[in-house]
Amino acid sequence: KHTFGKIVDPKVRDYLLNQNNLLGGELVFATILFADIRGFTSLSERMTPEKTVIFLNRYFDSVAKCIYEEGGIINKYIGDAIMAVFGILGESQNHARSAVLSALKMRKAVEALNSEFITEGLPIVQIGMGIHTGHVLAGNIGSTERLEFTVIGDSVNIASRMESLCKYFRKDIILSGQTKDQSGFSEIAKFLHTVKLKGRAEKVAAFTV
Numbered sequence: 369k370h371t372f373g374k375i376v377d378p379k380v381r382d383y384l385l386n387q388n389n390l391l392g393g394e395l396v397f398a399t400i401l402f403a404d405i406r407g408f409t410s411l412s413e414r415m416t417p418e419k420t421v422i423f424l425n426r427y428f429d430s431v432a433k434c435i436y437e438e439g440g441i442i443n444k445y446i447g448d449a450i451m452a453v454f455g456i457l458g459e460s461q462n463h464a465r466s467a468v469l470s471a472l473k474m475r476k477a478v479e480a481l482n483s484e485f486i487t488e489g490l491p492i493v494q495i496g497m498g499i500h501t502g503h504v505l506a507g508n509i510g511s512t513e514r515l516e517f518t519v520i521g522d523s524v525n526i527a528s529r530m531e532s533l534c535k536y537f538r539k540d541i542i543l544s545g546q547t548k549d550q551s552g553f554s555e556i557a558k559f560l561h562t563v564k565l566k567g568r569a570e571k572v573a574a575f576t577v
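For the sequence shown, my numbering gives the first residue as 369, with consecutive numbering after it.
Structure below.
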């Protein structure tokens with residue numbers, strides 16, 4: 369059980385071990401956060417594979433704490449990227465606010481980590497974070513032989529696109545208008561642009577904090 373809780377989020381482990389291990393899911397209102405290291409390919413080319421793994425794990429350890437502190441679930445690591453979900457297992461009263469607070473903490477955590485990297489002569493990390501709030505299908509996706517507890521849907525794609533806009537706008541946090549409205553950060557959120565996302569007819573308002 370302890371090992372299983374390291375392979376998947378402990379909340380997901382407990383959910384699955386409580387006989388929720390069949391194919392299927394439910395539609396829930398949640399907030400998705402994507403975080404990605406900028407220029408990771410060029411960073412990794414300057415280090416050996418062993419040092420790259422150690423470098424990545426230090427980064428993941430640092431930012432994962434920020435997600436857990438705000439009740440989020442790390443759904444998966446995708447190379448150097450993180451996909452986190454807030455609100456799917458009832459762990460947050462205001463999952464949009466929790467996600468934004470988590471991103472703000474991650475910003476500070478990366479700043480502190482970069483101070484260590486500079487002292488050690490290592491390259492610094494620059495990250496982009498995208499956040500969106502909306503309906504997702506949460507549950508066990510896959511085949512009868514291989515399941516994965518995850519979330520899917522248009523809201524996941526929008527969060528991913530928000531993250532990809534960080535490079536374009538040169539910002540480290542970008543949230544959709546839905547997240548801005550739900551999170552209570554309207555007063556400090558700064559409007560960037562209304563953007564046309566790939567694969568979507570409807571435009572989405574992008575904000576930063």
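Each residue gets a CB set at the ideal place from its N, CA and C atoms; glycine is no exception.
This structure is a prediction, so every number in the text was calculated from the model and none was measured.
With C-beta atoms as the reference, is H500 less than 8 Å away from I400?
Here residue 500 refers to the residue found at position 132 of the sequence shown. Here residue 400 refers to the residue found at position 32 of the sequence shown. Yes, they are a contact pair.
Inter-residue spacing [alpha-carbon to alpha-carbon] between E516 and I495:
Residue mapping note: residue 516 aligns to position 148 of the sequence shown, counting from 1. Residue mapping note: residue 495 aligns to position 127 of the sequence shown, counting from 1. Cα to Cα, E516 sits roughly 27 Å from I495.
If the criterion is Cβ atoms closer than 8 Å, does the pair L424 and I441 meet it?
By one-based count along the sequence shown, residue 424 stands at place 56. By one-based count along the sequence shown, residue 441 stands at place 73. Cβ distance not < 8 Å, so L424 and I441 don't count as in contact.
Spatially closest choice to V524 from I422, V453, P417 and G439, by CA coordinates
For the purposes of this step, residue 524 is taken as the residue at position 156 of the sequence shown. Here the closest residue by C-alpha is V453.
Can you give me the Cβ contacts of R529 inside the same chain, cut-off strictly under 6 Å, excluding the 5 residues immediately before and after it?
Along the sequence shown, read from residue 1 onward, the residue named residue 529 stands at position 161. So the list reads L565, once near-sequence residues are dropped.
Should H463 go down as buried or exposed, given a rule of 16 or more other Cβ atoms within 10 Å for buried?
As a position in the sequence shown, residue 463 is number 95, starting the count at 1. H463 comes out buried.
C-alpha gap between F537 and E488, whole angstroms:
For this step, residue 537 is matched to residue 169 along the sequence shown. For this step, residue 488 is matched to residue 120 along the sequence shown. So the two alpha carbons sit approximately 30 Å from each other.
Leaving out five residues on either side along the sequence, give the residues of the same chain with a beta carbon under 6 Å from the beta carbon of F559.
Counting from 1 along the sequence shown, the entry for residue 559 is found at position 191. Excluding positions up to five away in sequence, the list reads F575.
In whole angstroms, what is the alpha-carbon distance linking A527 and S410?
Sequence index remark: in the sequence shown, residue 527 carries index 159 (1-based). Sequence index remark: in the sequence shown, residue 410 carries index 42 (1-based). Straight-line measurement puts the Cα of S410 at about 25 Å from the Cα of A527.
Determine the extent of the beta strand (DSSP E) in which I446 is found, giving its start and end residues.
Counting from one through the sequence shown, the residue named residue 446 turns up at place 78. Start and end: I441 to I446.
Short check: CB of Y427 to CB of V519, under 8 Å?
Indexing the sequence shown from 1 puts residue 427 at position 59. Indexing the sequence shown from 1 puts residue 519 at position 151. Cβ distance not < 8 Å, so Y427 and V519 don't count as in contact.
What number of angstroms, rounded off, separates the C-alpha of G521 from the C-alpha of K571?
Position 153 of the sequence shown, counting from 1, holds the residue named residue 521. Position 203 of the sequence shown, counting from 1, holds the residue named residue 571. Distance between the alpha carbons of G521 and K571 is about 17 Å.
Drop a sphere of 10 angstroms on the beta-carbon of V577, count the other beta-carbons inside from all chains shown, and report buried for 16 or more, exposed for fewer.
Stepping through the sequence shown from its first residue, residue 577 is reached at position 209. So V577 counts as buried.
Quick check on the DSSP output: the alpha helix (DSSP H) that includes E484 runs from which residue to which?
On the sequence shown, position 116 is the one that residue 484 refers to. Per DSSP, E484 belongs to the alpha helix (DSSP H) from H463 to T487.
Rounded straight-line distance, which links the Cα of V431 to that of A569:
On the sequence shown, residue 569 is found 201 positions in, with the first residue counted as 1. On the sequence shown, residue 431 is found 63 positions in, with the first residue counted as 1. Taking the straight line from one Cα to the other gives about 34 Å.
Of the listed residues S483, L490, G567 and F402, nearest to F470 (C-alpha basis)
In the sequence shown, counting from the first residue as 1, residue 470 sits at position 102. Looking at the sequence shown, residue 470 is not Phe but Ser. For S470, the nearest C-alpha among the options comes from F402.
Closest by C-alpha distance to F397, when choosing among N443, T547 and A557:
Position 29 of the sequence shown, counting from 1, holds the residue named residue 397. Closest option to F397, Cα to Cα, is T547.
Which residues mark the beginning and the end of the beta strand (DSSP E) in which F559 is found?
Here residue 559 refers to the residue found at position 191 when the sequence shown is read from its first residue. Its beta strand (DSSP E) spans residues K558 to V563.
Residue from R475, I405 and L472 whose Cα sits closest to the Cα of G447:
Translated into the one-based positions of the sequence shown, residue 447 becomes position 79. With distances taken between CA atoms, G447 lies nearest to I405 out of R475, I405 and L472.
Would the stretch 538–545 and the stretch 471–484 be scored as touching if the rule is three or more Cβ pairs under 8 Å?
Under the 8 Å Cβ criterion, the stretch 538–545 counts as touching the stretch 471–484, having at least three qualifying pairs.
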